[in-house]
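2 protein chains.
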Amino acid sequence: MPLEIKPSQALRLWRQVHLDLVRDGQADLSARQTAILLTIYLELPPHTVRGLAAQLGVTKPVITRALDTMGKLGLVSRKRDDFDRRNVVIQRTVAGALAVERLADLVVERAREMGGG
Amino acid sequence: MPLEIKPSQALRLWRQVHLDLVRDGQADLSARQTAILLTIYLELPPHTVRGLAAQLGVTKPVITRALDTMGKLGLVSRKRDDFDRRNVVIQRTVAGALAVERLADLVVERAREMGGG
DNA sequence: CCCGATCGTTACGGGTCCGTATCATTAGCC
DNA sequence: GGCTAATGATACGGACCCGTAACGATCGGG
Chain A
18 MPLEIKPSQA LRLWRQVHLD LVRDGQADLS ARQTAILLTI YLELPPHTVR
68 GLAAQLGVTK PVITRALDTM GKLGLVSRKR DDFDRRNVVI QRTVAGALAV
118 ERLADLVVER AREMGGG
Chain B
18 MPLEIKPSQA LRLWRQVHLD LVRDGQADLS ARQTAILLTI YLELPPHTVR
68 GLAAQLGVTK PVITRALDTM GKLGLVSRKR DDFDRRNVVI QRTVAGALAV
118 ERLADLVVER AREMGGG
């Protein structure tokens with residue numbers, strides 16, 4: 018039961034949601050940061066810097082910096098792993114979950130408004 | 018004939034497409050840049066700095082800088098308006114059109130892979 | 001114990017972007 | 001011509017991000 022969508026619809030949806038994000042004055046997340054955020058909130062824990070770097074195909078400092086920024090925004094938090102103290106476990110936050118939920122609603126609503134074609 | 022999509026589908030689609038963009042090593046466009054690019058390629062010309070700034074709800078320097086960056090990437094180009102030489106007309110490019118088309122195909126394909134739920 | 005391997009972080013030099021304020025150029029009108 | 005209004009570009013100080021390289025902390029096996 019695949020999701021049917023035409024190229025022109027896809028582009029209009031993509032544009033409209035990005036317009037909404039910009040106009041809402043939300044944090045202007047890059048593609049990398051968005052991918053990291055959604056991976057944390059959609060994939061099963063635990064999440065580590067190493068694992069995220071591998072999934073995204075980027076270096077570890079990229080993840081560290083993104084977590085720094087999103088941490089300041091309250092979207093994620095970090096905690097040392099007590100079983101292997103070299104690891105850092107990335108945790109979800111209430112604010113992050115809310116932001117993700119709002120994004121989902123935004124996409125759903127804008128999709129609903131997309132006429133056929 | 019609205020486009021039906023569930024919140025969980027929307028999030029998975031959003032994540033997967035962003036993952037693809039990151040992994041393809043493409044230019045890591047911000048939400049603002051994406052909104053600008055798609056507006057130029059989806060809305061009817063002519064496009065001006067002023068008009069784009071108004072549509073996005075941002076200041077003019079934001080548009081100027083974004084056009085600088087995308088110009089270097091070959092995604093857009095600028096030309097002075099011969100009828101009113103204060104204006105700058107933003108033009109599409111072959112590379113830009115290709116990039117937009119690739120994005121559309123990416124979204125369509127990833128949507129097709131989204132199972133129900 | 002110690003030493004190599006692995007973890008996440010930090011340092012560095014360079015680039016981009018931000019918002020505000022200012023600028024040069026052009027248009028339009030008297 | 002001179003004035004105002006409008007356009008897009010630029011200057012500024014500050015913040016963020018990049019990739020590479022190095023770092024301290026920790027684990028685990030000999």
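Quick mapping for you: the protein sequence lines, in order, are chains A and B.
Just so you know, we're using our numbering here: the first sequence kicks off at 18 and counts up by one.
Just so you know, we're using our numbering here: the second sequence kicks off at 18 and counts up by one.
In this text, a Cβ means the ideal position worked out from N, Cα and C, and glycines have one as well.
Note that this is a predicted model, so its numbers are computed, not measured.
Just the chain B side, please: which residues come within less than 7 Å of residue i by C-beta, in chain order?
i, result
"residue 103 of chain A", "The contacting residues do not exist; residue 103 of chain A stays about 26 Å from chain B at best."
"residue 48 of chain A", "35, 38, 39, 45 and 46"
"residue 32 of chain A", "52, 55, 56 and 59"
Name the chain A residues whose beta carbon is nearer than 7 Å to that of residue i?
i, result
"residue 122 of chain B", "24"
Identify the residues that DSSP records as bridge partners of residue i: which are they?
i, result
"residue 23 of chain A", "Bridge partners of residue 23 of chain A: none, in fact."
"residue 108 of chain A", "A:94"
Run down chain A in chain order and give the residues with a C-beta less than 8 Å from the C-beta of residue i.
i, result
"residue 131 of chain B", "19 and 20"
"residue 36 of chain B", "52, 56, 72 and 73"
"residue 117 of chain B", "28"
"residue 111 of chain B", "By Cβ distance, chain A contributes nothing, its closest Cβ being about 17 Å from residue 111 of chain B, past 8 Å."
"residue 125 of chain B", "22, 23, 24 and 27"
May I ask which residues mark the beginning and end of the alpha helix (DSSP H) holding residue i?
i, result
"residue 129 of chain B", "111-130"
"residue 79 of chain B", "77-89"
"residue 54 of chain B", "48-59"
"residue 67 of chain B", "66-73"
List the endpoints of the continuous beta strand (DSSP E) containing residue i.
i, result
"residue 93 of chain B", "93-97"
Straight-line CA distance for residue i to residue j?
i, j, result
"residue 48 of chain B", "residue 66 of chain A", "24 Å"
"residue 96 of chain B", "residue 104 of chain A", "53 Å"
"residue 23 of chain B", "residue 85 of chain A", "31 Å"
"residue 73 of chain B", "residue 40 of chain A", "6 Å"
"residue 113 of chain B", "residue 91 of chain B", "7 Å"
"residue 52 of chain B", "residue 19 of chain A", "27 Å"
"residue 71 of chain B", "residue 64 of chain B", "11 Å"
"residue 54 of chain A", "residue 68 of chain B", "32 Å"
"residue 28 of chain B", "residue 130 of chain B", "13 Å"
"residue 82 of chain B", "residue 26 of chain B", "34 Å"
"residue 50 of chain A", "residue 30 of chain B", "16 Å"
"residue 125 of chain A", "residue 21 of chain B", "8 Å"
"residue 98 of chain B", "residue 117 of chain A", "42 Å"
"residue 62 of chain A", "residue 111 of chain A", "16 Å"
"residue 101 of chain B", "residue 78 of chain B", "20 Å"
"residue 35 of chain B", "residue 34 of chain A", "14 Å"
"residue 89 of chain B", "residue 87 of chain A", "29 Å"
"residue 121 of chain A", "residue 42 of chain A", "17 Å"
"residue 76 of chain B", "residue 115 of chain A", "28 Å"
"residue 60 of chain B", "residue 132 of chain A", "16 Å"
Which whole-angstrom value is the C-beta distance of residue i and residue j, which I expect to be below 8 Å?
i, j, result
"residue 56 of chain A", "residue 32 of chain B", "6 Å"
"residue 107 of chain A", "residue 93 of chain A", "6 Å"
"residue 123 of chain B", "residue 45 of chain B", "Residue 123 of chain B to residue 45 of chain B, Cβ: 15 Å. No contact."
"residue 109 of chain A", "residue 58 of chain A", "6 Å"
If you measure from the CB of residue i, is any heavy atom of the ligand ZN nearer than 8 Å?
i, result
"residue 53 of chain A", "The model depicted lacks the ligand ZN and carries no ligand whatsoever."
Name the chain B residues whose beta carbon is nearer than 8 Å to that of residue i?
i, result
"residue 128 of chain A", "19, 20, 21, 22 and 27"
For residue i, return the contacting residues in chain A, with the cut-off set at a CB-CB distance below 9 Å.
i, result
"residue 61 of chain B", "Neighbours of residue 61 of chain B on chain A: none; closest Cβ ~13 Å, over 9 Å."
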